[in-house]
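Heads up: the structure comes next, in structure tokens.
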DNA sequence: GTAACTTGTAATGTGATATATTACAAGTAT
DNA sequence: ATACTTGTAATATATCACATTACAAGTTAC
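Residue numbers (the numbering used here), protein chains in the order written: chain S, 1 to 147; chain X, 1001 to 1147.
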């Protein structure tokens, strides 16, 4: 299984809001076109990002803005905001191991800490990456294309 | 999204094969009971583990055995064997970013290396964990329960 | 204040996928 | 030969991500 495209959509959306902030009125429709994703999905993502304190959106009022500078938004912040993986953990555990089997009875407790260890390694790496890293990369690619 | 339960099933299965190797004839039916998972799924997982050189199974012949010692089987080996995440990457990317938008045109290239970086962090951590770590833990839990 | 826009969200459709289940072929062992 | 195994195809079921429609509710500009 994979981590939902909501995550990359959110990264894209945040980068867009910043990139176009001075030139266009950024709306969910605008973002839907840039991402190629349905506007309703975009609004859903925006809602989650808003709840996480990453963007400012107001019903009715157009003009979506960032609530923090790009450099203060990490991949982890976004992942936590848009993905519900946090609740269930990265790994799905088979649900009915036998209570009668000594291995089945203990596998969950024995494996859990290691699964968490893997999940934490992933999350720690996400904390090290900021949207500004991606945005900078985008800008330099755009410049190279213009030249 | 989450990583398929096939992964924890595989860890469970491997631990079982080792734990019961001297006392019971371990079959897919036996493993199905211990895991609480359908025998056909177990056989599918066993096939994948066989292909990865982790277990030995022969059609018709009962008695499934490990192809290597527990200490030489890492979480990563199993993850690679049973999960097809490797093909698509851990992250799903939204598929139709606009070619007309400068951000949309470049987001994929700009984000990809960072997504890979996260995936690699996760996989590296999985390489550090062996099934023997879990099996040892299970044994000591069983002993504590018997006392 | 009303017209033309926005966002928020419920409801529904659709497609993909993980797991369960049935059924049976094919191999092995006693 | 009988009674077990594994291998696998075919199908069912459930879940879930995303798309879509529809509309309520808010904002802004005139």
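C-beta atoms are modelled at their ideal positions from N, C-alpha and C, and glycine is treated no differently. Computed from a predicted model, the values in this text were never measured in an experiment.
Name the DSSP bridge partner or partners of residue 91 of chain S? As computed with DSSP, residue 91 of chain S is found in a beta bridge with X:1003.
Skipping 5 residues on each side, what residues in its chain have a beta carbon closer than 6 Å to that of residue 107 of chain S? Short of 6 Å from the beta carbon of residue 107 of chain S, and not among the five residues preceding or following it, lie these beta carbons of its own chain, in chain order: 97.
How many angstroms separate the CA atom of residue 1102 of chain X from the CA atom of residue 44 of chain S? One C-alpha to the other measures close to 23 Å.
Do the region 63 to 76 of chain S and the region 20 to 39 of chain S touch if we need at least three Cβ pairs shorter than 8 Å? Segments in contact, yes.
For residue 1011 of chain X, return the contacting residues in chain S, with the cut-off set at a CB-CB distance below 8 Å. Neighbours of residue 1011 of chain X across chain S, judged by C-beta separation under 8 Å: 107 and 111.
Output needed for residue 115 of chain S: all residues of its chain with C-beta closer than 6 Å, excluding positions within five of it in sequence on either side, in chain order. Only 91 meet the Cβ criterion.
Cβ-based burial, residue 1137 of chain X [other Cβ within 10 Å; buried from 16]: Burial call: buried.
I need the straight-line Cα distance from residue 117 of chain S to residue 60 of chain S, nearest angstrom please. In a straight line, the C-alpha of residue 117 of chain S is about 44 Å away from that of residue 60 of chain S.
Residue 20 of chain S and residue 82 of chain S: beta carbons closer than 8 Å? Taking 8 Å as the Cβ cut-off, residue 20 of chain S and residue 82 of chain S do not qualify as a contacting pair.
How about residue 1113 of chain X and residue 1070 of chain X: are their beta carbons less than 8 Å apart? No; because the gap between Cβ atoms is not below 8 Å, this pair is not in contact.
Under DSSP, the alpha helix (DSSP H) around residue 77 of chain S begins and ends at which residues? Its alpha helix (DSSP H) spans residues 75 to 82.
Inter-residue spacing [alpha-carbon to alpha-carbon] between residue 130 of chain S and residue 1126 of chain X: Rounded to whole angstroms, the separation of the alpha carbons of residue 1126 of chain X and residue 130 of chain S is 24 Å.
Of the listed residues S:94, S:88, S:124 and S:80, nearest to residue 1012 of chain X (C-alpha basis): Comparing Cα-Cα distances from residue 1012 of chain X to each of S:94, S:88, S:124 and S:80, the minimum goes to S:94.
Note down, in chain order, every chain X residue with its Cβ under 7 Å from the Cβ of residue 43 of chain S. None at all; the shortest Cβ gap to chain X is about 15 Å.
Under the three-state reduction of DSSP, which class applies to residue 65 of chain S: helix, strand or coil? Looking at residue 65 of chain S - three-state DSSP - the assignment turns out to be strand.
Look up residue 1057 of chain X in the DSSP assignment and say whether it is helix, strand or coil. Coil, per DSSP.
CB contact below 8 Å: residue 1039 of chain X versus chain S: Cβ-Cβ to chain S under 8 Å: no for residue 1039 of chain X.
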